[in-house]
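Numbering-wise (our numbering), the sequence shown opens with residue 2 and increments by one. Just so it is clear, CB atoms sit at the ideal spot from N, CA and C, and this is done for glycine as well. Beneath this line is the structure, given in structure tokens, with notes to follow.
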Amino acid sequence: MDRPFIDGLIADLSTLADRIDPNSGGIAGSADHVEIAIDRAAWLAGLLALSGDVISVLDLQGKMLYVSRTMPSTYPSAMIGRDSADFVPDTHRGVWRAAIARAAATGEPQQVEIHSVGDYWWDTRLAPIRNRDSRIEYLLSIGSDITARKRAEAALALKDHQLQLALDASGMGQWRWDIQLDHLTWDSAAKRLFECEAGPDNITFGAFQDFVHADDRARVAEHVAHALRSGEYPDLEYRIALPSGTERWLLTKGKVLKTVEGNPTAFLGGILDITWSKRKEASLQRAHKLEAIGQLAGGVAHDFNNLLVVIAGNIELARRQSEPGLHDSLLADALNASMRAADLTRQLLAFGRRQPIHETPLDLNAVLQDTMKLLRRLIPESIEVEHIGPSTLPRFLGDLGQIEQVIINLCVNARDAMPSGGRLLLKTEVAVVNGPFRDAHPWARAGRYVLLSVTDTGHGMTPETIDRVFEPFFTTKDQGTGLGLATAYGIVKKHGGVLQAHNDVGRGSTFTVYLPVIDRDGDEVGAKIEAPIPRGHETILLGEDEELVRAVVRRILEQSGYRVLVAANGEEAVRMFTKNQEQVDLVLLDAIMPRKSGTQALLEIRALRPGVPIVMSSGYSDALAFGLEADVAFLQKPYEPDALLRIVRQALNKRS
């Protein structure tokens, strides 16, 4: 569109506007002139009407001299001569006038998005039009309708706002890890979970790993490596150590983004604080464990009394007997009974104590056999117990105490379903999990599993009961707590497994545990042959408050060549070490002693001589419960003489 044509168009349009008779609506003047103006205006109007944009000519103050088309309810002629700002709401009028002023003053085209009457949005370009003297005389306005786009953006913004409100209410944070750039982007909610509100929006994967609890770091790294290999990101639960010194449990849900070729490019997902639910789960487990221990107490006390009779009776008979052969036989029977008592005590401690999860390769058959020793005290003789399955099974990775608790909980539940007696069938087998089963249990990974099925011949469950059977505190028993099956379900799921309930009303129920098999197992290599324990000559300080224990330990050590200094409590042990610290080669302390505990005595002795070898002993728990340093050996009571001598020798041999 050249300059003379624009001048002519404006002149013709102006002439037509001036000659309109307001009374008749007709056009006054020369017929030829009017006809030419009408032809030219009609030709251009028809041309511009074909455009999807609204094209206008404005003077430098924004008055409309021409408009190609308008909204359906308005005619273009009604807009000619009016200020274009009249058709812009107050909220955008200042922006529009400023754009006109800049275009007129600078001669540079302007672009602006404005809202007009009728709830329309326009992406408008203002182009200055110059006369023959290069003076800006008009402004050409071209407006593109972007109403649909703006409404879509508003709807999307509303959804984003609603989503953010939902995320804020749930406490879930969002994250994305660009694998190639090693950029982990997290939102404000995620940073808040890590107590890093003022931190950067991007960190490396290594920086994230620094937050992960030391005991979970290797597991998280393996989880990510597995996701890179498989292209799938299963749910992950782990702990983080916060700058404030507290710990927090997190649940991470993720998805792997891939190229067309299937190569992973990024992970993205959400992260949620599950600390409260984890504490609740632990509380449920402890409560039910106490309940189970209470049921065991009567049977255990009965067995202990029998064992004590065997021990005391045989020792007393041996004391009176002079015949060597019979003397040795009686003492052997007493020793055997004491080892059975020690084994029973060790099982109860492993089952009852509160301790961190310690996963090791386990044989389900072996675990079941050991647990049956406890179950015999819980299952009445009116219930027949049978175990069927292959003699060998692949190993799985699990915490022994927690797996024993699952077995006991399921068997006690079966016992309660058969008050008049029946049959309890324990079946072990191997199965492969994939396809539809995984769709129903998304936390279960594909692969081989060892299975334990616990089947009773009781009254069964109604459909309503089976739907709620794993809910905490749900019970159909008059005196039940509703914790047993909920606890078992939580433990199995934490081990990456599945617990299912099957029912045949009137004929019994079956609970099936799936536990994932591990591919490699170093424990399958076979037992090592223990070398003979060499005699010693070193000086050992023994701190033990039980007189009988102190006497027998001293005798064992002295008969193996050691010189022994004895102390009856922690305070005396520290005092004796202070006097003889240059001669003492090793300190053997009981963890629980009067006046000063073994752990307190250890700290004071280490302050006097940091490198002295120390062995801590206790019958209550393991080393984790006392917070011992890595170089402090731990000896679980009760122990055999060889175990004592071996750990003492090992500690002495490690001296620097």
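Looking only at its chain, what residues have a beta carbon closer than 8 angstroms to the beta carbon of K655, apart from the 5 residues adjacent to it on each side?
Taking the first residue of the sequence shown as position 1, residue 655 is located at position 654. The answer, listed in chain order, is P614, D632.
Exercise. Mind checking whether G390 and D457 have CB atoms under 8 angstroms apart?
Worked result: Sequence index remark: in the sequence shown, residue 390 carries index 389 (1-based). Sequence index remark: in the sequence shown, residue 457 carries index 456 (1-based). Cβ atoms of G390 and D457: not closer than 8 angstroms.
Any idea which residues DSSP pairs E572 with across the strands? The count along the sequence shown starts at 1 and reaches residue 572 at position 571. E572 is not bridged to any residue.
Please go through the stretch 539-566 and give each complete alpha helix (DSSP H) segment of 4 or more residues, from N-terminal end onward.
548-560
| In three-state DSSP terms, what is G232? | The residue given as residue 232 occupies position 231 in the sequence shown. Correct three-state label for G232: coil.
task = Give the straight-line distance between the Cα atoms of R596 and Y563, rounded to the nearest whole angstrom.
result = Start at 1 with the first residue of the sequence shown, and residue 596 comes out as number 595. Start at 1 with the first residue of the sequence shown, and residue 563 comes out as number 562. Rounded to the nearest angstrom, the two C-alpha atoms are 27 angstroms apart.
| message | Quick check on DSSP: helix, strand or coil for F206? | response | Translated into the one-based positions of the sequence shown, residue 206 becomes position 205. In this structure, DSSP gives F206 a helical state, which the three-state scheme calls helix.
For this session: Taking L185 and F206 to be in contact with their CB atoms under 8 angstroms, please state how far apart those CB atoms are, rounded to whole angstroms.
Result: Here the question's residue 185 lines up with position 184 in the sequence shown. Here the question's residue 206 lines up with position 205 in the sequence shown. The pair is a contact, with the Cβ atoms about 6 angstroms apart (cut-off 8 angstroms).
>> For F512, which residues in the same chain have their Cβ closer than 6 angstroms to its Cβ, ignoring the five residues on either side in sequence?
In response: Here residue 512 refers to the residue found at position 511 of the sequence shown. So the list reads L411, V455, A502, once near-sequence residues are dropped.
Looking only at its chain, what residues have a beta carbon closer than 8 angstroms to the beta carbon of S561, apart from the 5 residues adjacent to it on each side?
Residue 561 sits at position 560 when you count from the first residue of the sequence shown. Excluding sequence neighbours, S561 sits near I534, R536, G537, L646.
If we call anything under 8 angstroms between Cβ atoms a contact, is Y450 one with V407? To locate residue 450, count along the sequence shown from 1; it is residue 449. To locate residue 407, count along the sequence shown from 1; it is residue 406. No. Outside cutoff.
| Are there three or more Cβ pairs, one per stretch, closer than 8 angstroms when the stretch 147-155 is compared with the stretch 103-122? | yes
- Message: DSSP three-state label for A432, please.
- Response: In the sequence shown, the residue the question calls residue 432 occupies position 431. The answer is strand: DSSP assigns A432 an E or B state.
Limits of the alpha helix (DSSP H) - the one that S189 falls within: Indexing the sequence shown from 1 puts residue 189 at position 188. Its alpha helix (DSSP H) spans residues 189-194.
- Message: Pop quiz: L425 and E385 are said to be a contact at Cβ under 8 angstroms. What is the actual Cβ separation, rounded to whole angstroms?
- Response: Translated into positions along the sequence shown, residue 425 becomes position 424. Translated into positions along the sequence shown, residue 385 becomes position 384. With a Cβ gap of about 7 angstroms, L425 and E385 count as contacting.
Work out the CA separation of A432 and M173 for me, nearest whole Å.
Here residue 173 is taken as the residue at index 172 of the sequence shown, counted from 1. Here residue 432 is taken as the residue at index 431 of the sequence shown, counted from 1. Cα to Cα, the separation comes out at about 36 angstroms.
Pairwise C-alpha distance: I272 and W187:
Position 186 of the sequence shown, counted from the start, is the residue given in the question as residue 187. Position 271 of the sequence shown, counted from the start, is the residue given in the question as residue 272. Taking the straight line from one Cα to the other gives about 10 angstroms.
| task | Look up W178 in the DSSP assignment and give the residues it is bridged to. | result | Walking along the sequence shown from the start, residue 178 turns up at place 177. Paired residues: L185, F268.
#### Entry: Nearest to D217 (by Cα), restricted to the options R230, A242, L269
Against the sequence shown, residue 217 aligns to sequence position 216. Of the candidates R230, A242, L269, A242 places its Cα closest to the Cα of D217.
Check: Where does S278 fall in DSSP's three states?
Finding: Numbered from its first residue, the sequence shown carries residue 278 at position 277. Here DSSP, grouped into helix, strand and coil, assigns S278 to helix.
I'd like the list of long-range same chain contacts for R610, defined as Cβ closer than 6 angstroms, with 5 residues on each side in sequence excluded. Taking the first residue of the sequence shown as position 1, residue 610 is located at position 609. Excluding sequence neighbours, R610 sits near Q582.
Using the DSSP secondary-structure output, state which residues sit across from S510 in a beta bridge. Residue 510 sits at position 509 when you count from the first residue of the sequence shown. Looking at the DSSP assignment, S510 forms a beta bridge with N504.
Secondary structure at K597, three-state DSSP: helix, strand or coil?
-> The residue labelled residue 597 in the question sits at position 596 within the sequence shown. Residue state, collapsed to three classes: coil.
Backbone CA spacing between P395 and L365 [nearest angstrom]: In the sequence shown, counting from the first residue as 1, residue 395 sits at position 394. In the sequence shown, counting from the first residue as 1, residue 365 sits at position 364. So the alpha carbons of these two residues sit roughly 8 angstroms apart.
Is T107 buried or exposed, if buried means 16 or more other CB atoms sit within 10 Å of its CB? Taking the first residue of the sequence shown as position 1, residue 107 is located at position 106. T107 comes out exposed.
* To do: Since I believe L589 is in contact with L653 (beta carbons under 8 angstroms), could you give me their beta-carbon distance rounded to a whole number of angstroms?
  => Walking along the sequence shown from the start, residue 653 turns up at place 652. Walking along the sequence shown from the start, residue 589 turns up at place 588. No, L653 and L589 are not in contact; Cβ-Cβ is about 11 angstroms, not under 8 angstroms.
| message | Any beta carbon of chain D sitting closer than 8 angstroms to that of I275? | response | As a matter of chain content, chain D is missing from the structure shown, which is built from one protein chain.
Can the beta-carbon of A190 be found closer than 8 angstroms to that of Q175?
Along the sequence shown, read from residue 1 onward, the residue named residue 190 stands at position 189. Along the sequence shown, read from residue 1 onward, the residue named residue 175 stands at position 174. Yes, the Cβ-Cβ distance between A190 and Q175 is below 8 angstroms.
E405 - containing beta strand (DSSP E), residue span: If you number the sequence shown from 1, residue 405 lands on position 404. It is not in any beta strand (DSSP E) - E405 instead sits in the alpha helix (DSSP H) that spans 401-417.
Status (buried if at least 16 other CB within 10 Å, exposed otherwise) for L159: Against the sequence shown, residue 159 aligns to sequence position 158. So L159 counts as exposed.
query = Are V368 and E405 closer than 8 angstroms when you measure CB to CB?
reply = On the sequence shown, position 367 is the one that residue 368 refers to. On the sequence shown, position 404 is the one that residue 405 refers to. Yes, the Cβ-Cβ distance between V368 and E405 is below 8 angstroms.
Tell whether a beta-carbon distance below 8 angstroms holds between L251 and D236.
-> For the purposes of this step, residue 251 is identified with residue 250 of the sequence shown, where counting begins at 1. For the purposes of this step, residue 236 is identified with residue 235 of the sequence shown, where counting begins at 1. No, they are not a contact pair.
message = Restricting to Cα atoms, I'd like to know which of K281, L127, L543, G423 is closest to T488.
response = Mapped onto the sequence shown, residue 488 falls at position 487. Closest by alpha carbon: K281.
Note to self: Suppose you measure from the CA of R136 to the CA of Y121; what does that come to, to the nearest Å?
What the structure shows: Your numbering for residue 136 matches position 135 in the sequence shown. Your numbering for residue 121 matches position 120 in the sequence shown. Answer to the nearest angstrom: the Cα atoms are 33 angstroms apart.
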